[in-house]
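Here is the structure we will look at, set down as structure tokens.
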Amino acid sequence: MTAAGVLLIIAVALIVAALVVYLVQVIVALQKITKGLDATIAAVGEIVEKSQPVNDIVGDINTNLDAAVDALEGLLVKKAGLPDAMGLLEGLYPGAKAEGLRNFPDSTTVRSPRIGEVYTRGTLTLARLGREAPIAAASPNGPALRDPRYGSAASRTLYPADRPGRSPVIGNEVRDADASPV
Amino acid sequence: MIVVALVLALVVLPIVVVLLRNVLAETTSIVGSIDRITAAAQAGSRDLDAAPLLLTTQQQVRDTVANVAAYGGSLDVIVDDA
Numbered sequence: 003m004t005a006a007g008v009l010l011i012i013a014v015a016l017i018v019a020a021l022v023v024y025l026v027q028v029i030v031a032l033q034k035i036t037k038g039l040d041a042t043i044a045a046v047g048e049i050v051e052k053s054q055p056v057n058d059i060v061g062d063i064n065t066n067l068d069a070a071v072d073a074l075e076g077l078l079v080k081k082a083g084l085p086d087a088m089g090l091l092e093g094l095y096p097g098a099k100a101e102g103l104r105n106f107p108d109s110t111t112v113r114s115p116r117i118g119e120v121y122t123r124g125t126l127t128l129a130r131l132g133r134e135a136p137i138a139a140a141s142p143n144g145p146a147l148r149d150p151r152y153g154s155a156a157s158r159t160l161y162p163a164d165r166p167g168r169s170p171v172i173g174n175e176v177r178d179a180d181a182s183p184v
Numbered sequence: 155m156i157v158v159a160l161v162l163a164l165v166v167l168p169i170v171v172v173l174l175r176n177v178l179a180e181t182t183s184i185v186g187s188i189d190r191i192t193a194a195a196q197a198g199s200r201d202l203d204a205a206p207l208l209l210t211t212q213q214q215v216r217d218t219v220a221n222v223a224a225y226g227g228s229l230d231v232i233v234d235d236a
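Sequence lines, in order, name chains E and D.
For the first sequence, position 155 (counting from the first letter as 1) is numbered 157 according to the numbering used here, and the numbering increases by one without interruption.
For the second sequence, position 62 (counting from the first letter as 1) is numbered 216 according to the numbering used here, and the numbering increases by one without interruption.
See below:
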């Protein structure tokens with residue numbers, strides 16, 4: 003065998019050896035990739051399975067919340083009127099008026115009063131409810147507000163006999179004027 | 155023949171080695187990426203373990219909305235309209 007033949011064989015052998023070494027490493031790496039993809043696919047399958055009902059549930063939650071928001075907004079506007087409603091919302095949540103109400107397009111442009119801590123109309127409504135509430139109409143004593151004597155019954159208990167002809171004395175002489183043992 | 159042997163040893167062999175090294179490097183980098191993707195997918199799967207709690211949330215929202223509706227209905231009756 004000539005030297006050229008030997009050199010040729012050595013060159014071919016080196017090429018084959020390089021192919022074997024690197025291809026074996028590539029094969030090992032591809033096997034790792036396969037195992038990794040198997041684990042990934044399993045995890046992704048779990049994600050798909052676990053997240054499958056999420057859309058329906060979240061959709062149902064949003065539907066219920068939308069209905070509640072619509073009802074509450076409608077109730078607020080119905081009872082307070084759109085201007086007062088927006089004033090109340092702006093007073094409680096600064097910037098809320100700019101967002102407006104979903105079902106009332108005029109809510110962002112309506113001129114609303116500035117309502118601070120006390121909403122007089124609401125306070126009066128609550129005060130009236132205590133005496134004029136429909137539930138009070140079922141009282142055996144009759145409608146509360148329509149009976150002035152019933153409405154002032156609590157204050158009249160302060161003077162069960164005759165009402166004094168003067169205003170209550172407040173000051174140093176109160177103790178002396180009070181004949182009660184207390 | 156000597157020329158062929160020299161070409162194989164000095165030209166073909168280096169090219170084959172370079173190409174195979176590049177293939178191996180890319181394949182190895184894919185292994186790292188796959189490992190990170192697997193870790194992320196498994197973490198995402200664990201995060202979704204709380205998804206069944208949405209059923210409880212759903213029921214609570216329904217109950218709350220029903221109570222709000224009842225309360226609003228009562229207010230509608232009690233309080234005068236604007």
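For every residue, glycine included, the Cβ atom is placed at its ideal position computed from N, Cα and C.
Query	Result
Local Cβ density within 10 Å of residue 26(E), reported as buried at 16 or more and exposed below that	exposed
Counterpart residues of residue 103(E) in DSSP-defined beta bridges	106(E)
First through last residue of the alpha helix (DSSP H) which encompasses residue 20(E)	5 to 53
Neighbour flag for residue 117(E) against chain A, beta carbons, 7 angstroms	You won't find chain A in this structure, because its protein chains are E and D.
Per-residue burial, residue 88(E) [other beta carbons within 10 Å of its own, 16 or more giving buried]	buried
Members of the segment 53 to 67 of chain E near chain D, C-beta cut-off 8 angstroms	53, 55, 56, 59, 60, 62, 63, 66 and 67
Between the CA atoms of residue 196(D) and residue 46(E) - distance to the nearest angstrom	8 angstroms
Chain-ordered chain D contacts of residue 127(E) [CB-CB under 8 angstroms]	233 and 234
Beta carbon proximity, residue 99(E) to chain D, threshold 7 angstroms	no
Opening and closing residue of the alpha helix (DSSP H) in which residue 208(D) lies	207 to 232
Per-residue DSSP class, three states only, for residue 189(D)	helix
Straight-line Cα distance separating residue 176(D) from residue 168(D)	12 angstroms
Below-7 angstroms beta-carbon distance, residue 213(D) vs any chain E residue	no
Integer Cβ distance of residue 81(E) from residue 236(D), believed to fall under 8 angstroms	6 angstroms
Inter-residue spacing [alpha-carbon to alpha-carbon] between residue 213(D) and residue 205(D)	14 angstroms
Whole-angstrom C-beta distance between residue 158(D) and residue 10(E), which should lie under 8 angstroms	6 angstroms
Proximity test, Cβ basis, 7 angstroms: residue 169(D) and chain E	no
Alpha-carbon to alpha-carbon, residue 34(E) and residue 18(E)	24 angstroms
Test: residue 192(D) CB closer than 7 angstroms to a CB of chain E	yes
Neighbour flag for residue 92(E) against chain D, beta carbons, 7 angstroms	no
Chain-ordered residues of the segment 174 to 185 of chain D with a beta carbon less than 7 angstroms from chain E	174, 175, 177, 178, 181, 182, 184 and 185
Sub-7 angstroms separation of residue 231(D) and residue 70(E) beta-carbons	no
Residue interval of the alpha helix (DSSP H) (run including residue 85(E))	84 to 94
Neighbour flag for residue 224(D) against chain E, beta carbons, 7 angstroms	no
Residue 163(E) versus residue 119(E): straight-line alpha-carbon distance, rounded	41 angstroms
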